[in-house]
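Undergrad: Can you keep this structure in mind? I'll have questions shortly.
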Amino acid sequence: MTVLETVPYDQEEISGGMHRFSVLVNTLGTSTKTNEKLDALTSYFQQAPGKDKVWVIALFSGRRPKRVVNSRLLAEWSREQAGLPPWLFEECYHTVGDLAETIALVLPSPESDSPEHNLSWYIERLAELGPLPEVEKKAFMLECWRELGKDGRFVFNKLITGGFRIGVSQQLMVQSLARVTGLEASIVAHRISGNWEPALVSFAELLSGEGMSEDHSKPYPFYLAYALEGGPDSLGDPVEWQAEWKWDGIRGQLIRRNGQLFVWSRGEELMTDKFPEFNPLLQLLPEGTVLDGEIMPAREGKPLPFALLQTRIGRKNVTKKQLTEAPVAFFAYDLLEYAGNDFRDIALEERRGQLEQLLTSLHHPVLLLSPVITFGEWRELERIREQSRDKVAEGIMLKRRSSVYQVGRKRGDWWKWKIDPLTIDAVMVYAQKGHGRRSNLYTDYTFAVRDGEILVTFAKAYSGLTDKEIGQVDHFVRQNSLEKFGPVRTVKPELVFEIAFEGIAASGRHKSGVALRFPRISRWRHDKGPEDINTLDDLKKMLEMYGK
Amino acid sequence: MQPLITFTEYGLFCQPGNFYIDPWLPVDKAIITHAHSDHARWGSKEYLCHRGCKPLLELRLGAGTYQPVEWGDIIYVNGVRVSLHPAGHIIGSSQVRLEYQGETWVVSGDYKTEDDGISGAFEPIRCHSFITESTFGLPIYDWEPQEKIYDDMRSWVQGNRESGFASILIAYSLGKAQRVSVCLSAITEKIYAHGAIANAQEILRQSGFNLPSLTRITPETPREELKGAIILAPPSADGSSWMRKFQPYRTGICSGWMQVRGNRRRRNADAGFALSDHADWKGLLKAVHETGAEKIFATHGFQSAFSRYLNEQGVKAYEVKTDYGDMEEENDSVGDSTI
Numbered sequence: 002m003t004v005l006e007t008v009p010y011d012q013e014e015i016s017g018g019m020h021r022f023s024v025l026v027n028t029l030g031t032s033t034k035t036n037e038k039l040d041a042l043t044s045y046f047q048q049a050p051g052k053d054k055v056w057v058i059a060l061f062s063g064r065r066p067k068r069v070v071n072s073r074l075l076a077e078w079s080r081e082q083a084g085l086p087p088w089l090f091e092e093c094y095h096t097v098g099d100l101a102e103t104i105a106l107v108l109p110s111p112e113s114d115s116p117e118h119n120l121s122w123y124i125e126r127l128a129e130l131g132p133l134p135e136v137e138k139k140a141f142m143l144e145c146w147r148e149l150g151k152d153g154r155f156v157f158n159k160l161i162t163g164g165f166r167i168g169v170s171q172q173l174m175v176q177s178l179a180r181v182t183g184l185e186a187s188i189v190a191h192r193i194s195g196n197w198e199p200a201l202v203s204f205a206e207l208l209s210g211e212g213m214s215e216d217h218s219k220p221y222p223f224y225l226a227y228a229l230e231g232g233p234d235s236l237g238d239p240v241e242w243q244a245e246w247k248w249d250g251i252r253g254q255l256i257r258r259n260g261q262l263f264v265w266s267r268g269e270e271l272m273t274d275k276f277p278e279f280n281p282l283l284q285l286l287p288e289g290t291v292l293d294g295e296i297m298p299a300r301e302g303k304p305l306p307f308a309l310l311q312t313r314i315g316r317k318n319v320t321k322k323q324l325t326e327a328p329v330a331f332f333a334y335d336l337l338e339y340a341g342n343d344f345r346d347i348a349l350e351e352r353r354g355q356l357e358q359l360l361t362s363l364h365h366p367v368l369l370l371s372p373v374i375t376f377g378e379w380r381e382l383e384r385i386r387e388q389s390r391d392k393v394a395e396g397i398m399l400k401r402r403s404s405v406y407q408v409g410r411k412r413g414d415w416w417k418w419k420i421d422p423l424t425i426d427a428v429m430v431y432a433q434k435g436h437g438r439r440s441n442l443y444t445d446y447t448f449a450v451r452d453g454e455i456l457v458t459f460a461k462a463y464s465g466l467t468d469k470e471i472g473q474v475d476h477f478v479r480q481n482s483l484e485k486f487g488p489v490r491t492v493k494p495e496l497v498f499e500i501a502f503e504g505i506a507a508s509g510r511h512k513s514g515v516a517l518r519f520p521r522i523s524r525w526r527h528d529k530g531p532e533d534i535n536t537l538d539d540l541k542k543m544l545e546m547y548g549k
Numbered sequence: 252m253q254p255l256i257t258f259t260e261y262g263l264f265c266q267p268g269n270f271y272i273d274p275w276l277p278v279d280k281a282i283i284t285h286a287h288s289d290h291a292r293w294g295s296k297e298y299l300c301h302r303g304c305k306p307l308l309e310l311r312l313g314a315g316t317y318q319p320v321e322w323g324d325i326i327y328v329n330g331v332r333v334s335l336h337p338a339g340h341i342i343g344s345s346q347v348r349l350e351y352q353g354e355t356w357v358v359s360g361d362y363k364t365e366d367d368g369i370s371g372a373f374e375p376i377r378c379h380s381f382i383t384e385s386t387f388g389l390p391i392y393d394w395e396p397q398e399k400i401y402d403d404m405r406s407w408v409q410g411n412r413e414s415g416f417a418s419i420l421i422a423y424s425l426g427k428a429q430r431v432s433v434c435l436s437a438i439t440e441k442i443y444a445h446g447a448i449a450n451a452q453e454i455l456r457q458s459g460f461n462l463p464s465l466t467r468i469t470p471e472t473p474r475e476e477l478k479g480a481i482i483l484a485p486p487s488a489d490g491s492s493w494m495r496k497f498q499p500y501r502t503g504i505c506s507g508w509m510q511v512r513g514n515r516r517r518r519n520a521d522a523g524f525a526l527s528d529h530a531d532w533k534g535l536l537k538a539v540h541e542t543g544a545e546k547i548f549a550t551h552g553f554q555s556a557f558s559r560y561l562n563e564q565g566v567k568a569y570e571v572k573t574d575y576g577d578m579e580e581e582n583d584s585v586g587d588s589t590i
């Protein structure tokens, strides 16, 4: 029995699906109100052709079709059609900040208003292009460009270049699907997560969970915490709360089901192959176990700075050398499934008890228990929090002992209480135009500290200023830069900013010898000139203090 | 021989005529292309401008010495033959043509090549040297015809009405607001406006321009009356507390910058209409071509890219840095002080 039976789906005779999709993308991209976005998604999922709906779920959750044409060729063909020299196309690209949109804008106006196909038609055709020779790919692209309007071209190009980052959270999509299907949001979230092939599953199958082979790899949707502003006093009695270190690693789920082991990241990336250290756990973990925790570089049970992991997470295959230089461990803090039973509705206290029992009995060096911090009063915890950096933690997590494991970012039961970042005053030396809603504005800056008479760059940052401030900096860059072409401007070193960051590590790749973790602008130091900024020595001192 | 126009710290200077065009510092004699604040600055002793521009200068700069002329009138200033010609940018906007000892220069000011029906149709003028703006001097700026944008705007407003929302159109008070008022007068009897826009519209109507009358929003305007209304507001009012009384509302920004999605998203508008008072890429190229000029000077905007492209096309072009801004984006201060 399923509520889905009442929903009209798979009406493949509906055409014009591409137009419908481009309207949706447009609405989601410009709407500023969550409710309007939700309405737009809901009515899309009520009315769009079934196959298109499956693709939209896939695209909006980061499952893009295999890339069949590279960016260079796309740019070349569109530039040819528009009759533009390469440098001018580049200028356009840097101003628009998005290749798919640049192409849509420079192409000559569409020739006719021929009826448009469905989204799935375009995706299927694109998939077929894969093995074909370049001339045929080109012919298909030009034909599509000719028949699609500006908005249609944009979404069509996006299918190839990838990344529909248009301000739709996974949660919003889940909510709209829950509305359309009448299912619980948490069930929808679980069904659309994990491994599934958009070309092979229908909308009904995907959401009913029927007709598909049971997918044992699926992680549960992660429960995420909000930042705690202004201290824990507002949380009431400390005895109701469990405190843990907030690790700075990769949030993940470790799953053993059906005799297999899976490692998922919070970004829903299957990372099992990247962490061969975890392989022995397959034999140890009982069937039907799902752990929530943090993947961290660690040696002898002690967490190490995240920077160590940077060298290996980008690689497809991990080398022996990396395994010895940057070993990892899973710091478990929650038990979501045990002996095949969904534990998420059980209180944290009980889950924790079971987790401790399980891990103690396994006793394996790569599967560690993320410790609970014992404390009496909030003041005491506040003092403990000050040791965060020594513990390679970003602060403290506070979880209500009675809380169930929820879906997505929710207020109330889980809070992250981060320590203040490290800061340094630096001068802006390069500026680059941003992307998305920051296109055609100089929003990405490179900063330098002083080393005697010279300036040494050490960080890039692009967030932390208000729109008004960005406007002012943009104006300054335009008035005080030397080069005229290309994306990067060398700027007169005059504007001073306070740069905040979470961690610092030695780096051979950066001129300054240090790499910062999450650098961002914390404020504009109007009160300071370039002569007042910090020095390279200051950075090196920080490296000595916090870099280990 | 010294060129007829030189670029000085005060602005564009005609040495033999001893006058400036759109100077950004006070001078003795200034010829003004149009009344936007980056072109018409305060403090000069004498101003010469088009008849339609004069009341707007008075509104913005206060009383002073203004000499109004018609397009095509010929005036001699210290032996330099001066005439103004329609630029199609806003009401009263003009190109300035200078002729001296057989040499002809044209300063475009801001212009658009599509006839908007109220600003006068842009007229290409043959000259030796052409000083052109380049606000939208990249091929990504390719405007839809005005009628198409007007249709989109009207159906957006209709849609808002049907779902019970007021429509706030953000438009620069001089130029864009007049066009939008004409566009929307086709579907409504009553258009409300922020004081800055009401002021400009009132002055223009008094000067004999056939524009719809606007209802000024005042603190006394009753809230109920504004349910589902159509309201014109300048960019400076966007996001301010002034807009609260129109709730529920949707905002639509009318600016050439809306051509790019990132700008629409940045401005947090519900809709963006790429309606501009500047020439698009094709318009700029067409204008340059039709002047037949040997030398092109590209000012404010994408002057580097535009002049490089012209040079590659075999047209001698130079880029010039000026203090002119971009009134499609910057804050609108026209008449704000008089609200």
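As they're listed, the protein sequences go chains A and B. Using my numbering, read the first sequence as starting at 2 and increasing by one per residue. Using my numbering, read the second sequence as starting at 252 and increasing by one per residue. Virtual Cβ for every residue (Gly too), placed ideally from N, Cα, C. Remember, predicted model here, so these are calculated numbers, not experimental data.
Quick one: list the residues of chain B neighbouring D468/A, beta-carbon separation under 8 Å, in chain order.
TA: Under the 8 Å cutoff, chain B gives R517.
Undergrad: In or out: R439/A buried (at least 16 other Cβ within 10 Å) or exposed?
TA: Counting Cβ neighbours within 10 Å, R439/A comes out buried, since at least 16 surround it.
Undergrad: Name the chain A residues that come within less than 8 Å of G523/B, Cβ to Cβ?
TA: Here the neighbours are T31.
Undergrad: How about T96/A: is its C-beta nearer than 7 Å to some C-beta of chain B?
TA: So yes, T96/A belongs to the interface.
Undergrad: Roughly how far, in whole angstroms, is the beta-carbon of V107/A from the beta-carbon of I391/B, given that I think they are within contact range, below 8 Å?
TA: Correct: roughly 6 Å between the Cβ atoms.
Undergrad: Please return the same chain residues whose Cβ sits closer than 6 Å to the Cβ of T96/A, not counting the five positions on each side in sequence.
TA: N441, listed in sequence order.
Undergrad: What do you reckon, are the CB atoms on F498/A and F519/A nearer than 7 Å?
TA: For F498/A and F519/A, no; Cβs fall outside 7 Å.
Undergrad: Looking at the C-beta of L537/A, does it have a partner C-beta in chain B at a distance below 7 Å?
TA: False, the Cβ-Cβ gap to chain B never drops below 7 Å.
Undergrad: State buried or exposed for G586/B, treating a residue as buried only when at least 16 other CB atoms are found within 10 Å of its CB.
TA: At G586/B, the pLDDT of 35 sits below 50, so the modelled position is not reliable; the number obtained from the coordinates is stated separately. Label assigned to G586/B: buried.
Undergrad: Would you tell me roughly how many angstroms separate the C-alpha atoms of T439/B and A525/B, rounded to the nearest one?
TA: Distance between the alpha carbons of T439/B and A525/B is about 22 Å.
Undergrad: Helix, strand or coil, according to DSSP, for E129/A in the structure here?
TA: In this structure, E129/A counts as helix in the three-state DSSP scheme.
Undergrad: If we count the other Cβ atoms within 10 Å of its Cβ and call it buried at 16 or more, is N450/B buried or exposed?
TA: Classification of N450/B: buried, given that the 10 Å Cβ count is 16 or more.
Undergrad: Quick one: what's got a C-beta closer than 6 Å to S380/B's C-beta in the same chain, skipping five residues either side?
TA: The residues are W356, A544 and K546.
Undergrad: Quick check on G262/B: buried or exposed, where buried means 16 or more other Cβ atoms within 10 Å of its Cβ?
TA: It counts as buried.
Undergrad: Below 7 Å CB to CB, which residues in the same chain sit around R276/A once its five sequence neighbours on both sides are set aside?
TA: This sequence places Phe at residue 276/A; Arg is not what is there. Within the same chain, F276/A has close Cβ partners V264, I296 and V329.
Undergrad: Give the C-beta separation of P267/B and Y362/B to the nearest angstrom, bearing in mind that I take them to be a contact with Cβ-Cβ under 8 Å.
TA: Not really, about 25 Å apart at Cβ, beyond 8 Å.
Undergrad: What does a CB cutoff of less than 8 Å around Q253/B pick up in its chain, not counting 5 residues either side in sequence?
TA: Excluding positions up to five away in sequence, the list reads Q266.
Undergrad: What does E92/A touch in chain B if you count any residue whose Cβ is under 8 Å from its own?
TA: In chain order: L389, F553 and A556.
Undergrad: Along the stretch 430 to 444 of chain A, where does the CB come closer than 9 Å to a CB of chain B? Name the residues.
TA: Under the 9 Å Cβ criterion, the stretch 430 to 444 of chain A contributes G435, H436, G437, R438, R439, S440, N441 and L442.
Undergrad: Between the Cα of P306/A and the Cα atoms of G195/A, S403/A and A506/A, which residue gives the shortest distance?
TA: When each option's Cα is compared against that of P306/A, the closest is A506/A.
Undergrad: Mind checking which residues open and close the beta strand (DSSP E) that includes A460/A?
TA: Looking at the DSSP string, the run of the beta strand (DSSP E) that includes A460/A is I455 to A462.
Undergrad: Assuming H336/B is part of the alpha helix (DSSP H), what are its boundary residues?
TA: That residue, H336/B, is in no alpha helix (DSSP H); its beta strand (DSSP E) goes V331 to P337.
Undergrad: Could you please tell me which residues of the stretch 98 to 109 of chain A, in chain order, have their CB closer than 8 Å to any CB of chain B?
TA: Cβ contacts with chain B: G98, D99, E102, T103, L106 and V107.
Undergrad: Take every Cβ of the stretch 448 to 464 of chain A, pair it with every Cβ of the stretch 399 to 411 of chain A, and state whether three or more of those distances are shorter than 8 Å.
TA: Cβ pair count under 8 Å is below three, so no.
Undergrad: Three-state secondary structure (DSSP) at R518/A?
TA: In this structure, R518/A counts as strand in the three-state DSSP scheme.
Undergrad: What residue does the alpha helix (DSSP H) around H476/A start on, and which one ends it?
TA: From DSSP, the alpha helix (DSSP H) with H476/A extends over D468 to Q480.
Undergrad: With 16 as the cutoff for other CB atoms within 10 Å, does I256/B come out buried or exposed?
TA: With 16 or more Cβ atoms within 10 Å of its Cβ, I256/B is classed as buried.
Undergrad: Expressed to the nearest angstrom, what Euclidean distance is found between the alpha-carbon atoms of K567/B and A549/B?
TA: Roughly 11 Å between the two C-alpha positions.
Undergrad: Closer than 6 Å by C-beta to I272/B: which residues in its own chain qualify, once you throw out the five before and the five after it? Chain order, please.
TA: Contacts found: L263, I282, V347 and V358.
Undergrad: Can at least three beta-carbon pairs, one atom from the stretch 126 to 146 of chain A and one from the stretch 21 to 41 of chain A, be found at a separation below 8 Å?
TA: No: the two stretches stay apart, fewer than three of their Cβ pairs being nearer than 8 Å.
Undergrad: In chain order, what are the residue ranges of uninterrupted beta strand (DSSP E) at least 3 long that sit wholly in the stretch 465 to 490 of chain B?
TA: Counting only runs of 3 or more, we get 481 to 484.
Undergrad: Just reading off the beta strand (DSSP E) that I448/B is part of, what are its end residues?
TA: That residue, I448/B, is in no beta strand (DSSP E); its alpha helix (DSSP H) goes G446 to Q457.
Undergrad: Check whether the Cβ atoms of P485/B and H529/B sit closer than 7 Å, and answer yes or no.
TA: Going by C-beta atoms, P485/B is not nearer than 7 Å to H529/B.
Undergrad: Locate the beta strand (DSSP E) running through S380/B, then write down its first and last residues.
TA: Where S380/B is concerned, the enclosing beta strand (DSSP E) stretches over S380 to S385.
Undergrad: Grab me the residues of G153/A's own chain with a C-beta within less than 7 Å of its C-beta, minus the 5 sequence neighbours each way, in chain order.
TA: For G153/A, where only same-chain residues beyond five positions count, the Cβ hits under 7 Å are M19, H20, S23 and E117.
Undergrad: Have a look at S558/B, A480/B and W532/B and flag the residue whose alpha-carbon is nearest the alpha-carbon of L389/B.
TA: Of the candidates S558/B, A480/B and W532/B, the one whose C-alpha sits nearest the C-alpha of L389/B is W532/B.
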